[in-house]
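A.B. asks:
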Amino acid sequence: MKEYRFEKVELKSFTRDPKEDYHKIIHEAAKDGWELVQIFAPGTASYGTAAYFEIIFSRELD
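Residue numbering for the sequence shown follows UniProt numbering, starting at 1 and increasing by one per position.
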């Protein structure tokens, strides 16, 4: 059985650059045994661009 973790990363309004370093989020999660499943951008903002994305991780339950 697995457990899942979701990290929401907001994007800057004009440049659409992440407000946080998503590489750091992924590396830190991996140190705790989380495996990257997907990066998903569910929401849209102006001009049809994403307002944020979610990083989805999973790991085996003990």
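All C-beta atoms in this analysis are idealised placements derived from N, C-alpha and C, irrespective of residue type, glycine included.
1) Going by the CB atoms, is the gap between SER58 and GLU35 shorter than 8 Å?
2) Excluding the 5 residues preceding and the 5 following TYR4 in the sequence, name in chain order all residues of the same chain whose CB lies nearer than 8 Å to its CB.
3) DSSP puts ALA50 in a beta bridge; with which residues?
4) Look at the alpha carbon of LEU61 and the alpha carbon of LYS2, and state the distance between them as a whole number of angstroms.
5) Give the secondary structure of GLU35 by DSSP, where H, G and I count as helix, E and B as strand, and everything else as coil.
6) The beta strand (DSSP E) spanning residue 68 covers which residue range?
C.D. replies: Judging by the given coordinates:
1) yes
2) VAL37, ILE56, PHE57 and SER58
3) Answer is THR44, bridged to ALA50.
4) 5 Å
5) strand
6) Any property of residue 68 remains undetermined from this structure, which presents the chain solely from 1 to 62.
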